[in-house]
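Take the sequence shown: its letters are residues 334 to 734, numbered as in our numbering. Below is one structure, written out as structure tokens, with a few remarks after it.
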Amino acid sequence: MPRRTRKEIFLSLIPLMILALWGCAGRTAPKPAEAPMLKPISSFSYPKFEDDMAMDGLSHAIEQSLCYYRKLDPEQRIAFGENTFPVGEVLNAMAEFSAFVAARPSPECLREFIHQRFRLYQIGGADGESVKFTGYYEPVIKGALASSDAYPHPIYGKPRDLVTVDLSGFSEEFQGKRITGRWTGETFVPYHDRIAIETTGALEGYADILAWTDDPVDLFFLQIQGSGKLILEDGGILRLQYAASNGKPYRSIGKWLVEQGRIEKERMSMQAIREYLAAHPQEREDILRVNPSYVFFEAGENGPKGAIGVALTPGRSIATDSRLFPKGALAFIMTRKPLIDAKGEICEWRDFSRFVVNQDTGGAIRGPSRADIFWGSDDYAKIAAGHLQHMGALYFLAPVR
């Protein structure tokens, strides 16, 4: 009888892992069915659909989602709450919307078009502001392709021993659930956390180093944002995109700093975290390691990509919990944005609304009441992403049948 490979042994053990998980689940009371996150709302509750940006960016963002949909089976279903629509139907409706706005219709004509061709879905069908909006951006940091005293911090590619298993095919109990870990030669265990990766050389021999950077805080926030530009010593640019994570839950160091009384809640922002770490270098490592999650990268081109594999559009792409909301779908948001003065400081927060497209997700974007706006890579993007923590409204546009 031929000897089985380690991979074959690992695959043969997956059913046993599922049975173990099932046994644990069987000893607990079943969770009550949750109400659908999105519910259709009456046309009398529709917003005015005013958009504060040029429509060129919206057309680009929609085209990215259309590219994603064209790769799917046109009969595959996309869920908007309790209702589902074929991919082909959603694709055609979004293409029609893109063509219509490209003609620069008046606000009145746009509202009439939406009332005729789309049905709006909102979280729980509730009125008012029910979603907390935050922001993210594409950071630009310094780096090198070789290590040195000036660039001692490695940026890792996806480890070769990292395995993610989709459990959906084993039982309805595990729909949408995945586990990430590694095979030790004897058993499947969780993957290394941030502390192990940074202090024990756990990735040596398992992960390629793509580049090196000079600042561990920059590297940490690169991982939080999920992509970025590395400006090399010779002036060249290396784009880095999300490749995988270690599967550990994301823990916010900002929330931890507030809980510890290090930063006041009212002052919390990415900039405030950086200021605190710079002023307390002796605490830096321990604070960063509060977050066990660790992100691995790959070299990319043409800007950051979202979770559906398409290029993100500044101001038009958003990230939500991909388990709850329709990937690639057209949406409309209402929240606040900062206005910046000549000194690069926020002088005012102003209400705004615009059409966006749901093209990304994130470890910190969990639950029905969270949405993240991608702002781009310029100075304004960094400020907006670092400070935006405002409530607002999120609507999804589904085809009318």
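Built from N, CA and C at the ideal position, the CB exists for glycine as well.
- [ ] Please state whether DSSP places HIS720 in a helix, a strand or coil.
- [x] Translated into the one-based positions of the sequence shown, residue 720 becomes position 387. The three-state reading of DSSP puts HIS720 in helix, counting H, G and I together.
Open item on the list: Beta-carbon within less than 6 Å of PHE521's beta-carbon, same chain only, minus the 5 sequence neighbours each way: which residues are those?
Closed with: The sequence position of residue 521 within the sequence shown is 188, counting from 1. GLY514.
Task: Secondary structure, alpha helix (DSSP H): runs of 4+ residues fully inside the stretch 374-439 - done: Runs found: 388-403 and 420-435.
- [ ] Could you please give the first and the last residue of the uninterrupted beta strand (DSSP E) stretch that includes ALA761?
- [x] Because the chain here runs from 334 to 734, residue 761 falls outside it and cannot be looked at.
- [ ] Since I believe GLU631 is in contact with GLN593 (beta carbons under 8 Å), could you give me their beta-carbon distance rounded to a whole number of angstroms?
- [x] Here residue 593 is taken as the residue at index 260 of the sequence shown, counted from 1. Here residue 631 is taken as the residue at index 298 of the sequence shown, counted from 1. That pair is no contact at about 35 Å.
TODO: Whole angstroms is fine: what's the gap from ASN425's alpha carbon to GLY502's?
DONE: On the sequence shown, residue 425 is found 92 positions in, with the first residue counted as 1. On the sequence shown, residue 502 is found 169 positions in, with the first residue counted as 1. If you take the alpha carbons of ASN425 and GLY502, they lie about 30 Å apart.
TODO: Determine the direct distance from the alpha carbon of ARG669 to that of SER585, and round the result to whole angstroms.
DONE: Counted from its first residue, the sequence shown places residue 585 at position 252. Counted from its first residue, the sequence shown places residue 669 at position 336. When only Cα atoms are considered, SER585 and ARG669 end up about 23 Å apart.
- [ ] Identify, in the order they occur along the chain, each residue of the same chain with its Cβ nearer than 6 Å to the Cβ of ASP385, setting aside the five sequence neighbours on each side.
- [x] Taking the sequence shown and counting its residues from 1, the one referred to as residue 385 is at position 52. Once the five neighbours on either side are set aside, the close Cβ partners of ASP385 are PHE685 and ARG687.
Open item on the list: What does the Cβ neighbour count give for ASN579, buried or exposed, with the cut at 16 atoms within 10 Å?
Closed with: Within the sequence shown, residue 579 is the residue found at index 246, counting from 1. The Cβ neighbour count for ASN579, taken over all protein chains shown within 10 Å, is at least 16; the residue is labelled buried.
TODO: Return the first residue and the last residue of the alpha helix (DSSP H) that LEU590 is part of.
DONE: Here the question's residue 590 lines up with position 257 in the sequence shown. Taken as a continuous stretch (DSSP letters only), the alpha helix (DSSP H) holding LEU590 covers 586-592.
Open item on the list: With a threshold of 7 Å on Cβ separation, who are the neighbours of GLY561 within its own chain once the five nearest residues in sequence on each side are excluded?
Closed with: Reading the sequence shown from its first residue, position 228 is the one you call residue 561. Excluding residues within five positions, the ones whose Cβ falls inside 7 Å are GLU471, PRO472, VAL473, ILE474, LEU555 and LEU573.
Task: Segment contact flag, the stretch 540-554 with the stretch 618-635, C-beta cutoff 8 Å, min 3 pairs - done: Counting C-beta pairs with one atom in each stretch, the stretch 540-554 and the stretch 618-635 have three or more that are closer than 8 Å, which means they touch.
Open item on the list: Check this for me: beta carbons of PRO492 and LEU536, under 8 Å apart or not?
Closed with: On the sequence shown, position 159 is the one that residue 492 refers to. On the sequence shown, position 203 is the one that residue 536 refers to. Contact flag set, yes.
TODO: Could you say which of ALA644, TYR489 and ILE411 lies nearest to GLY538 if we only look at CA atoms?
DONE: On the sequence shown, position 205 is the one that residue 538 refers to. Closest by C-alpha distance to GLY538, out of ALA644, TYR489 and ILE411, is TYR489.
- [ ] Could you round the C-beta distance between ILE456 and LEU371 to whole angstroms and report it? I think they count as a contact, below 8 Å.
- [x] In the sequence shown, the residue the question calls residue 456 occupies position 123. In the sequence shown, the residue the question calls residue 371 occupies position 38. Right, their Cβ atoms sit about 6 Å apart.
Open item on the list: I'd like to know whether the C-beta atoms of LYS510 and ARG703 end up nearer to each other than 8 Å.
Closed with: Taking the first residue of the sequence shown as position 1, residue 510 is located at position 177. Taking the first residue of the sequence shown as position 1, residue 703 is located at position 370. The criterion of a C-beta distance shorter than 8 Å is not satisfied by LYS510 and ARG703.
Task: Separation of LEU721 from ARG683, as counted between CA atoms - done: Here the question's residue 683 lines up with position 350 in the sequence shown. Here the question's residue 721 lines up with position 388 in the sequence shown. Put simply, the backbone Cα of ARG683 is about 11 Å away from that of LEU721.
Open item on the list: Taking the alpha-carbon of ASP482 as reference, which of VAL423, PRO438, ASP547 and PRO440 has the nearest alpha-carbon?
Closed with: Here residue 482 is taken as the residue at index 149 of the sequence shown, counted from 1. The candidate whose alpha carbon is nearest that of ASP482 is ASP547.
- [ ] Between the Cα of SER398 and those of SER375, LEU645, PRO614 and THR417, spot the shortest distance and give me the residue it belongs to.
- [x] Reading the sequence shown from its first residue, position 65 is the one you call residue 398. Considering only alpha carbons, the answer is LEU645.
Task: Residues of its chain near HIS448, where Cβ-Cβ distance is below 8 Å and the 5 sequence neighbours each way are ignored - done: If you number the sequence shown from 1, residue 448 lands on position 115. Answer for HIS448: SER376 and TYR379, listed in chain order.
Task: Supposed contact pair ARG649 and ALA394 - C-beta distance, whole angstroms, cut 8 Å - done: In the sequence shown, residue 394 corresponds to position 61, counting from 1. In the sequence shown, residue 649 corresponds to position 316, counting from 1. With 8 Å as the limit, ALA394 and ARG649 qualify as a contact, their Cβ atoms being about 4 Å apart.
Task: Opposing strand residues paired with ILE512 [DSSP bridges] - done: Along the sequence shown, one-based indexing puts residue 512 at 179. Beta-bridge partners of ILE512 (DSSP): VAL498.
Task: Reduced DSSP secondary structure (H/G/I, E/B, other) of ASP541 - done: The count along the sequence shown starts at 1 and reaches residue 541 at position 208. In this structure, ASP541 counts as coil in the three-state DSSP scheme.
Open item on the list: Tell me the DSSP secondary structure of ALA535 in three-state form.
Closed with: Counting from 1 along the sequence shown, the entry for residue 535 is found at position 202. Looking at ALA535 - three-state DSSP - the assignment turns out to be coil, as it is neither helix nor strand.
Open item on the list: I need the DSSP call for TYR627, collapsed to helix, strand or coil.
Closed with: If you number the sequence shown from 1, residue 627 lands on position 294. TYR627: coil per DSSP, three-state reduction.
Open item on the list: Just to check my reading of the structure: THR694 and ALA726 have Cβ atoms closer than 8 Å, yes? What is that Cβ distance to the nearest angstrom?
Closed with: Counted from its first residue, the sequence shown places residue 694 at position 361. Counted from its first residue, the sequence shown places residue 726 at position 393. Contact doesn't hold; Cβ gap of about 20 Å is too wide.
Open item on the list: Quick check: PRO438 and GLU383, are their CB atoms within less than 8 Å of each other?
Closed with: Taking the sequence shown and counting its residues from 1, the one referred to as residue 438 is at position 105. Taking the sequence shown and counting its residues from 1, the one referred to as residue 383 is at position 50. The Cβ atoms of PRO438 and GLU383 lie no closer than 8 Å to each other.
- [ ] Specify, as a first and last residue, the run of the alpha helix (DSSP H) that LEU552 falls within.
- [x] Sequence index remark: in the sequence shown, residue 552 carries index 219 (1-based). Looking at the DSSP string, the run of the alpha helix (DSSP H) that includes LEU552 is 549-558.
TODO: Please report how far the alpha carbon of VAL736 lies from the alpha carbon of ARG617, in whole angstroms.
DONE: With the chain represented from 334 up to 734, any question about residue 736 goes unanswered, as that position is not in the structure.
Task: GLY559 burial status per 10 Å Cβ neighbour count (16 or more: buried) - done: Here residue 559 refers to the residue found at position 226 when the sequence shown is read from its first residue. By the beta-carbon neighbour count (other beta carbons within 10 angstroms, threshold 16), GLY559 is buried.
Task: CB of LEU621 within 8 Å of CB of PRO549, strictly - done: Sequence index remark: in the sequence shown, residue 621 carries index 288 (1-based). Sequence index remark: in the sequence shown, residue 549 carries index 216 (1-based). Yes, the Cβ-Cβ distance between LEU621 and PRO549 is below 8 Å.
Open item on the list: Among ASP389, GLU415 and ALA576, whose alpha-carbon lies nearest the alpha-carbon of PRO659?
Closed with: As a working note, residue 659 is residue 326 in the sequence shown. Checked all of ASP389, GLU415 and ALA576; the closest Cα to PRO659 is GLU415.
Open item on the list: Measuring alpha carbon to alpha carbon, tell me which residue in ASP494, LEU565 and ARG452 is nearest VAL733.
Closed with: For the purposes of this step, residue 733 is taken as the residue at position 400 of the sequence shown. Measuring from the Cα of VAL733, the nearest candidate turns out to be ARG452.
Open item on the list: Pull the bridge partners of LEU571 from the DSSP assignment, please.
Closed with: Indexing the sequence shown from 1 puts residue 571 at position 238. For LEU571, which the question treats as bridged, DSSP gives the partners LEU563.
Open item on the list: Can you tell me whether ALA479 is buried or exposed? The criterion is at least 16 other CB atoms within 10 Å of its CB, across all chains shown.
Closed with: As a first step, residue 479 is located in the sequence shown; it is residue number 146 there, counting from the start. Answer is exposed; the Cβ neighbour count stays below 16.
Task: Burial state of PRO582, where buried means 16 or more other Cβ atoms lie within 10 Å - done: Working through the sequence shown from its first residue, we reach residue 582 at position 249. Around the beta carbon of PRO582, fewer than 16 other beta carbons sit within 10 angstroms, so the residue counts as exposed.
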